[in-house]
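Presented below is the structure to which this report refers.
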Amino acid sequence: MGVGMQIACLGFTGSAALEAEAGAQLVRLERFRAWIDGCQLAIESRMAADGACLYDVRLDLTMHGAVRRSLPPCVGADVDDALRRAFAQAEQALIAWQAGAATAALRDAAAGDAIR
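Per the numbering used here, the very first residue in the sequence shown carries number 1; after that it's consecutive.
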C-alpha cells in the first residue's frame, strides 16, 4: 500500500491541477513508506502587507505508530513552487531521519558486539 495524503485548501478553492501536482510530488515520498503512513497537506492563501497573494504550504508527516512530524511551512507567491519546496523539504527530512536511525542501529549493533 502507498503513502496516503489528505489535502486542505484554506482561503481559496483548490483545483484539479493543484491536486495533480500534489499527487505527483507525493511520489517523492513513496520510497519512505516503511517509515510513514501518510501526510496532511495544508495550503493557505493569505494576503501580504503589500496586498500580494502568498501561499503558505505546510506538510505534516504521519509516521508509523501515529507519531506526527510537522515540517516548517514553505511560503511563496507561486503555489506550485511552494508545494515543490515543501515536498523537497519532507524528502530531505526523511533522508536525515533514516540516516540517523541507521547510525543508531549500527551503534547499537557495535555496542552489542562489544558486550559479547
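Ideal Cβ positions, reconstructed from N, Cα and C, are used throughout, including at glycine.
| Asked | Found |
| --- | --- |
| Which residues DSSP lists as bridging Ile62, in chain order | For clarity, residue 62 is Thr in the given sequence; the question names Ile instead. DSSP, once it has assigned bridges, lists Gly38, Arg68 as partnering Thr62. |
| Spatial distance of Gln25 from Asp50 (CA atoms) | 30 Å |
| Leu41 beta carbon less than 7 Å from that of Leu54 | no |
| contact_flag[the segment 29-40, the segment 76-86] where n(CB pairs < 8 Å) is 3 or more | no |
| First through last residue of the beta strand (DSSP E) which encompasses Leu10 | 4-10 |
| Paired residues, beta bridge with Leu57 - DSSP | Leu is not the amino acid found at residue 57; the sequence shown has Val there. Partner(s): Ile43, Cys74. |
| Proximity to Gly65 [Cα-Cα], best of Gly100, Ala34, Gly2 | Ala34 |
| Within 7 Å, strictly: CB atoms of Leu94 and Phe32 | yes |
| Residues of its chain near Cys9, where Cβ-Cβ distance is below 7 Å and the 5 sequence neighbours each way are ignored | Ile43 |
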